[in-house]
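Data first, discussion second: the structure below is written as C-alpha cells.
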Amino acid sequence: MLSSCRSRLLHVLGLSFLLQNRHPILLCPPRLMKPLVVFVLGGPGAGKGTQCARIVEEMDQTMAANAQKNKFLIDGFPRNQDNLQGWNKTMDGKADVSFVLFFDCNNEICIERCLERGKSSGRSDDNRESLEKRIQTYLQSTKPIIDLYEEMGKVKKIDASKSVDEVFDEVVKIFDKEG
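Residue numbers (this note's numbering): 132 to 310.
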C-alpha cells in the first residue's frame, strides 16, 4: 500500500522513480522549469473552498495529465503582507506566481452564504459578528495583496456572486485560456 501511494505521488509530481529497497532512485530528471502557482483569493464566503474542491473533483484527470507542467493551486494564500513576504523570501527563484484567481463577491452575499453554511457546518465563526470582523480583516489584510497583484496584471477576477455552476464555468474558461 505504501509503495503504491509513493508511486502515485511521484507520478503526480511528474517524476519517474524506481523504488528499490524503499529508497527512490530518479530515472528521469524532472523538468528544470520552476513550478507555476495560482493563488486563490477572495473574502470569507466568496466560494474559494467550494470552487477549489470542484476544480479538484472535475479537473482531476486534466491535472494528472498535466502534472509534469509543475502547476499548483494554493487556496486562501497569501492572506496578509507577512504571508507574502514569507512566500517571497522562501520561494524566490523556486516558483513563479502564474496568476491570482480572485473571487469577487459583495460582502452581504458573503455573510449570507456563511450564515447559511453555519447552520450545518458547526463552524463557530459563521455568525454575523465574527463574519463582519473576518470581512474587515480581509479588506485590511488580503485585499491589498490582491491589489498588488492587480497592478502586476496577474489577477483573474471572477464575479463570485453568481451560482456555483456559473462561477465554475468562469473558472474553467480562465484555466483553459491560461493553460
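Where is the CB? At the ideal position from N, CA and C, for every residue including glycine.
Asked	Found
For residue 209, the nearest candidate out of 182, 224, 228, 302 (CA to CA)	228
Whole-angstrom distance between residue 244 and residue 204, CA atom to CA atom	23 Å
Sheet register partners of residue 205 (DSSP bridge)	170
Spatial distance of residue 284 from residue 272 (CA atoms)	20 Å
Spatial neighbours of residue 160 in its chain, beta-carbon cut-off 8 Å, leaving aside the 5 residues before and after	Only weak support is given to the placement of residue 160: the predicted model assigns it a pLDDT of 44, under 50, and the value that follows is read from those uncertain coordinates. Excluding residues within five positions, none has a Cβ falling inside 8 Å.
For residue 290: DSSP bridge partner residues	235
Where residue 298 falls: helix, strand or coil (DSSP)	helix
Residue 175, buried or exposed, once every other Cβ within 10 Å from all chains shown has been counted against 16	buried
Residues of its chain near residue 321, where Cβ-Cβ distance is below 8 Å and the 5 sequence neighbours each way are ignored	This structure leaves residue 321 out entirely; the chain is present only between 132 and 310.
Residue 309 - DSSP class collapsed to helix/strand/coil	helix
Sheet register partners of residue 223 (DSSP bridge)	None; residue 223 has no bridge partner.
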